[in-house]
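When you read off a place in the sequence shown, starting at 1, and then add 4, the result is the number in our numbering.
What follows is a set of notes on a single structure, which appears directly below.
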Amino acid sequence: MDKLLSIIIPVYNTGELLKACIKSLQEQTFKNYEVILVDDGSTDCITSKLCDEIASEDRRFSVLHCSNGGVAVARNRGFEVSTSNYVMFIDGDDTLFSKNVISSINDCKRFRDASRYTSKKCKRVRDAAFFFIIMLVT
Numbered sequence: 005m006d007k008l009l010s011i012i013i014p015v016y017n018t019g020e021l022l023k024a025c026i027k028s029l030q031e032q033t034f035k036n037y038e039v040i041l042v043d044d045g046s047t048d049c050i051t052s053k054l055c056d057e058i059a060s061e062d063r064r065f066s067v068l069h070c071s072n073g074g075v076a077v078a079r080n081r082g083f084e085v086s087t088s089n090y091v092m093f094i095d096g097d098d099t100l101f102s103k104n105v106i107s108s109i110n111d112c113k114r115f116r117d118a119s120r121y122t123s124k125k126c127k128r129v130r131d132a133a134f135f136f137i138i139m140l141v142t
């Protein structure tokens, strides 16, 4: 577990919207993360190819190609292969407008270290119109 955060992105026919999502992740000030793109059986001609291109260009990104099972199944598949202590879920058509959204993982880590709790903790992170849950996996 060398990455502090796993970001799981279920994608289904998101096409060009996925590029903005990926760019917003790559521009984050926090860099110690992995991204798991879960292609949930996309049927367009763009999404699967784009996922493969992204994974081949940036080693922090990996892709799972699955048959369509819906967003919950896709998230669970990504969770199963995640390798870090913290997990964040976003959608393939989301864009992070602040470059410091993911850095709040350090706040979660400090809270956990200070409290010495062993149960799951969640922190809500607000970015524009989105709420993200960062979950500690214990």
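All residues carry an ideal CB built from backbone N, CA and C; glycine is no exception.
Rounded to the nearest angstrom, the Cβ distance from I12 to F83 is 6 Å, consistent with a contact under 8 Å.
In its chain, beyond the 5 residues on either side, M5, K7, L8, L9, S10, E38 have a beta carbon closer than 7 Å to the beta carbon of S88. Under the three-state reduction of DSSP, E61 is assigned to helix. The closest CA to that of D48, considering only S60, E61, L29, L22, is found on L22. Counting only runs of 4 or more residues that sit fully inside the stretch 8-58, the alpha helix (DSSP H) segments are 21-30, in chain order. Buried is the label assigned to V15, since at least 16 other Cβ atoms lie within 10 Å of its Cβ.
Apart from sequence neighbours up to five positions away, the residues of its chain that approach V42 with a beta-carbon distance below 6 Å are P14, L68, A78, R81, G82, ordered along the chain. Take F65, set aside five residues on each side of it, and the residues of its chain with a beta-carbon closer than 7 Å to its own are V39, L41, I58, A59, in chain order. Relative to G74, the option among D44, V105, I106 whose CA is nearest is D44. By the criterion of a C-beta distance shorter than 7 Å, S52 is surrounded in its chain by D43, S46, H69, once the five residues flanking it on both sides are discounted. Taken atom to atom, the span from the alpha-carbon of K35 to that of S28 is near 12 Å. The straight-line gap separating the alpha-carbon atoms of I26 and V85 is approximately 19 Å.
The three-state secondary structure of V105, taken from DSSP, is coil.
Boundaries of the alpha helix (DSSP H) harbouring G82: 75-85, taken from the DSSP string.
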